[in-house]
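K.L.:
For the sequence shown, counting from 1, position 380 maps to 1392 in our numbering; every step adds exactly one.
All C-beta atoms, glycine included, are put in the ideal place defined by N, C-alpha and C.
Computed from a predicted structure; not experimentally measured.
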Amino acid sequence: MRALVQLMLFALLFITITIDFSCGSTPTIQSNVSCLEYERRALIDFKENLTDKANRLRSWVGKDCCTWKGVGCSWRTGHVIKLDLRNPIPLNGDNYEDYEINKLTGEMTPSFVDLKHLSYLDLSGNKLDSGLDFFGSLKSLRYLNLSSSYYGGKVPHNLGNLSRLQYLDLRDIGFEGPIPDTLGSLTSLTVLDLSRNSFDDTFNEKYFLCNLSSLVYMDLSFNFGFHGSIPCCFGNQTSLSVFKLRATAFEVGALPSCMGNVTQLTVLDLSYNGFKGEIPNSLRNLRSLRVLDLSGNNFSGEISSSVVGEFKNLECLVIYDNHFSGPLPSSLGRLSYLRELYAWRNQLNGSIPIGEFKNLERLLISNNHFSGPLPSSLGKQSYLKELDASSNQLNGSIPVGLGQLSNLQWLDLSYNSLDGMLSEQHFTTLKNLKDLCLSSNSLVINVSSQWVPPFQLQVLEMASCKLGPQFPQWLQTQRHVTLLDMSNASISDIMPDWFELMSSCIEYFNISNNHIRGKLPKFQMKCNDSDRDWELKFNRELILSSNKFDGPLSALPSSTSVLDLSNNLFSGPIPAGDYDEIKALILSNNHFSGGIPMSLCNAETIYLNVIDLSKNSLSGKIPRCFGNSVNLNVLDLSSNNLHGQIPSSLGFLRSLEYLHLRNNSFHGELPLSLQNLTDMVTLDLCENAFTGVIPRWIGDKLHNLVFLSLQSNNFYGGIPVQLCHLSALQLLNLAHNNITGDIPSCFHNFTAMARLELGNTDYLVNPISSYEDKILIMIKGRELEYTKTLIFVTSIDLSSNGITGEIPEGLTNLFGLLNLNLSGNYLTGRIPEKIGDLKQLESLDLSRNKLFGSIPQSLSTLTYLALLNLSYNNLSGRIPTGNQLQTLNDDLSIYVGNDGLCGAPVTKSCPGDDHQVLVSEGDKDKDETELMWFCASVGPGFVVGLLGVFSTLYFKRKWRYAYFQLIEDAYDRIFVAIAVKANWLRRKFHPQR
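1) Spatial neighbours of Arg1544 within its chain, please: C-beta separation below 6 Å, excluding the five flanking residues on both sides.
2) Please classify Leu1682 as buried or exposed, where buried requires at least 16 neighbouring CB atoms within 10 angstroms.
3) What are the boundary residues of the alpha helix (DSSP H) that includes Leu1513?
4) For the beta strand (DSSP E) containing Thr1117, list its first residue and its last residue.
5) Mind checking whether Gln1470 and Lys1443 have CB atoms under 7 Å apart?
6) How many angstroms separate the CA atom of Gly1237 from the CA atom of Thr1194?
7) Please classify Asp1937 as buried or exposed, where buried requires at least 16 other C-beta atoms within 10 Å of its C-beta.
8) I need the boundaries of the beta strand (DSSP E) containing Gln1787, first residue and last residue.
9) Just the C-alpha distance for Pro1923 and Pro1892, rounded to the nearest angstrom, thanks.
10) Any chance you could list the beta strand (DSSP E) runs of at least 3 consecutive residues sitting entirely within the segment 1410–1471, in chain order?
11) Distance, Cα to Cα, Leu1420 vs Ile1503?
12) Can you list, in chain order, the residues of its chain with a C-beta nearer than 6 Å to that of Asn1157? Leave out the 5 residues immediately preceding and following it.
13) Inspect the CB distances between the segment 1745–1755 and the segment 1728–1735 and report whether three or more fall short of 8 Å.
14) Write down the C-beta distance between Phe1211 and Ile1191 rounded to the nearest angstrom, noting that I regard them as a contact closer than 8 Å.
15) Cα-Cα, which of Ala1701, Lys1397 and Leu1386 is closest to Val1412?
16) Taking the alpha helix (DSSP H) that Phe1287 belongs to, which residues open and close that run?
17) If the criterion is Cβ atoms closer than 7 Å, does the pair Arg1208 and Asp1231 meet it?
18) Which runs of the beta strand (DSSP E), 3 residues or longer, sit entirely within the segment 1837–1913?
19) Determine, using beta carbons only, whether Ala1401 and Leu1434 come nearer to each other than 7 Å.
20) Secondary structure at Ile1056, three-state DSSP: helix, strand or coil?
21) Please report the straight-line C-alpha distance between Asn1526 and Ser1626, rounded to a whole angstrom.
22) Of the residues Leu1686, Gly1680 and Ser1389, which one's Cα is nearest the Cα of Asn1700?
23) For Pro1564, write down the residues that DSSP places opposite it in a beta bridge.
24) Using the Cα positions of Gln1687 and Arg1666, report the straight-line distance between them to the nearest angstrom.
25) Taking Ser1394 as the reference, which of Leu1376, Ser1409, Asn1371 and Trp1080 has the closest Cα?
26) Below 7 Å between beta carbons: does that hold for Ser1578 and Ser1557?
27) When the Cα of Lys1081 is compared with those of Thr1089, Ser1872, Leu1882 and Arg1098, which residue comes out closest?
28) Once the 5 residues before and after Gln1276 are set aside, which same chain residues still bring their CB inside 7 Å of it?
29) May I ask you to report which of helix, strand or coil DSSP gives Tyr1591?
30) Evaluate Lys1862 with the Cβ neighbour count: other Cβ atoms within 10 Å of its Cβ, from every protein chain shown; 16 or more gives buried, anything less gives exposed.
31) Would you check if the distance between the CB atom of Asp1497 and the CB atom of Asn1458 is smaller than 7 Å?
32) Starting from the C-beta of Ser1566, find all residues in its chain whose C-beta is less than 7 Å away, skip the five residues before and the five after it, and write them out in chain order.
33) Count the other C-beta atoms from every protein chain shown that fall within 10 angstroms of the C-beta of Arg1258, then say buried if there are 16 or more, exposed otherwise.
34) Whole angstroms are fine: how far does the CA of Gly1814 sit from the CA of Ser1888?
35) Ignore the nearest five residues each way along the sequence and tell me which others in Ser1269's own chain have a CB closer than 6 Å to its CB.
36) With a threshold of 16 other CB atoms inside 10 Å of the CB of Leu1423, please say whether the residue is buried or exposed.
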């Protein structure tokens, strides 16, 4: 598409601009006429005000300026008519330094207006300051290119004086404000490029957009201040061939129907605006279209077959990042010139109509809802180069015809439900294949150990496919692989020796979650591609977690930015070495011993983002030099044998969000410097020997804190009310300390715990994908490690302290709370009546306190409650029944130690349990007499007695109630006796349970 546009621009330039000199940098001189002296002086004056680092104007000496590089003169008059000083180095990202050196910098001089005969002026790619007002005096200009010249300010109004101007390029200059109406007088313009500025205001009828009727090419892209809508008079642009309005951030509603009047359009780019609705039927008039780009908008509905079917010349259709639904219309397959279709990230469904296309080269339809199998006609798409159908709902096997696509370079079918085997036949003629992505399917790769693939891959992604049990032998033939993902691939083998050679150019390597054993490869960088050396040096990611690699780690692999060796069998000390370039070091759950190497933080490790050394046998203290790692985001040293105090230098880690020191032997008070860590999300200091009061600055300074866990330390004193400032807090764990005083009444300020829906937060998204935040939490009687589901956890655990006072009523406002554990304290008063408002509660433990009164009936409304413990209090009254509570009654221990409780499931009956029906005191004697006569009437005989019972029960309501009460009481006594006996037997013969 870019080549087509460039060719069109060059053609327009030669057709519309007639200049009497050659196209080279210097004109053809056909007479002895030299340049005029006043024009030579104007050029010299211009040069003297410039800085020319590359000495591009070194030829600007002598009397004849017509021989100077970049200057063109008329062979008839000697006037300077062309000045081409564009930067000779195009900026493409890899040559920025050369581009900057070749810039001409300085100021435009007023003497420039003496070049009145200039018809061609190109100053693009330089940096020339001062205003542009004098350009309006150069009335002979037909071609003006000031792109990427960093003038800034506003577009001069007097540019409208250039009535002969045919080509105007003001792209990427930094202009701001509205586009002046005076540009509407440039009626000779055929090419207009105003893209990549900061123009604002509304398009309306008075704008230049409607007056430039000669335009063939117009680009207004990347002007993010534009708003309003495209005026209907835009339909007057009957000569327009290329129109680009890309990324202007329009919020314009539906696409105007007048677009259909611009029937000469070959390129229409309206991408990344705010257009919505369906594609208007009027666009079917654009029968000359070759490129249609509607990507990045809010278009919706089905793609009309009657509209796109009219684009007989369409070569490229770009509709990704919209809300299109329904199937792809079959009429697309009849567009014989269609080569590229980009439709990812929509809601398209149905089957993939590959068989409909004849000349398709690129089909990118990922992240939709396509279903069914890949069509068997896939092998007939002989022109196909790129197929990306990832993240859909495809199923079935991959057709063998895939192996006939000799032009295929990129195949991505990952994240579907494909199954079956892939054999050598599937790859028979894929000699051009570079990228093969089949991850997250149920595919089995079944090839012989001697197979030599016809391709040389650069990207291979087969995560969750079955490649094992042997390490794939055919990989050793692949010499240019830069990305290799074989995680969870059922490989149970020793890492082969030949892997060292084929991995020399790998930038991303993931073989996690296999059973690969042996020694770690050296991963030495021997890549012959010198263009990637720098990139390899800083971007190599090696993820070998959850395998069976063992032995000592002699040295870190060279040129590594991410190293994940977690969940292996490595032992010995962590090697000292150069950590200056590493971003993430994840060595958790191994057998590393010794101290933390000083070299990990001696240098100013500006790239270091993650250090996870948890679950090892490390000893010693935290090095003070960790404070040098100014960009450290994660520090996880939990479950080691470290000791000492937290060094105050950790307070310099202003980017630290996750600090895990759990299960070590740290002691002392928390250093005041930690209050500087205002981005902290997780602070986990459990199972140490920290002492002192809980610092107030935790609540005053760490406002982003989500998980605070201080369990099993020696903290004393009260709970600071400043903790109530932590509105984002989802986990508060102060259990097993020496905390006293009351529970602050302001706990209802934990607004994150009051939300009924969690999980849409992004605080756990880490820039290093290999690391996942994790916390051990005691919920429902079990201690579990939460990782991926951590964002859904809400918990308050204050158990095993010396807390007094009553349970604050405000706790019942935390509607999203999953776990509440206040056991093992000295709490008094009643259980809040509104405890049933905690609808999400799964675990409630109030045991071993001094609570009294009745159990609120609202407890019976908790439908998710899986653990309840109210034992060893002074509770009394009837135990509530119903709903979820019925499933918990098998465990009588949840009520033990409350002598005043009665009713099921305990054996103690409540007063009045013998009478289901409550009657007045005056009727009690009468009811008892009736009950006695009722009992006496049962005995005379079976038949007579049975008839008497039925008759009595039918006519006497109170007798009927009394009879059923008798049956129910007998059933309850038998059930309780059996349950108690069974529980006694279970504890006697299985005490470990």
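P.N.:
In short:
1) Below a pLDDT of 50, predicted positions are generally treated as unreliable, and Arg1544, at 47, falls in that range; no measurement from the model is reported.
2) buried
3) Phe1511 to Met1514
4) Leu1116 to Glu1119
5) no
6) 20 Å
7) Summary for Asp1937: the model assigns pLDDT 48, below 50, so the residue's position carries little reliability; its value from the coordinates is reported in the next sentence. So Asp1937 ends up on the exposed side.
8) In the sequence under discussion, the amino acid at residue 1787 is Ile, which differs from the Gln named in the question. Ile1787 to Ile1791 is the extent of the beta strand (DSSP E) around Ile1787.
9) 15 Å
10) 1422–1424, 1429–1434, 1447–1449 and 1454–1457
11) 28 Å
12) Asp1134, Ser1136 and Asp1181
13) yes
14) 5 Å
15) Leu1386
16) Run containing Phe1287: none in the alpha helix (DSSP H); it sits in the beta strand (DSSP E), Phe1287 to Gly1289.
17) no
18) 1855–1857, 1879–1881 and 1886–1890
19) no
20) helix
21) 21 Å
22) Gly1680
23) Ser1583
24) 10 Å
25) Asn1371
26) yes
27) Arg1098
28) Thr1250, Ser1251, Leu1252, Ser1253 and Ser1300
29) coil
30) exposed
31) no
32) Pro1587
33) buried
34) 23 Å
35) Pro1292 and Ser1294
36) buried
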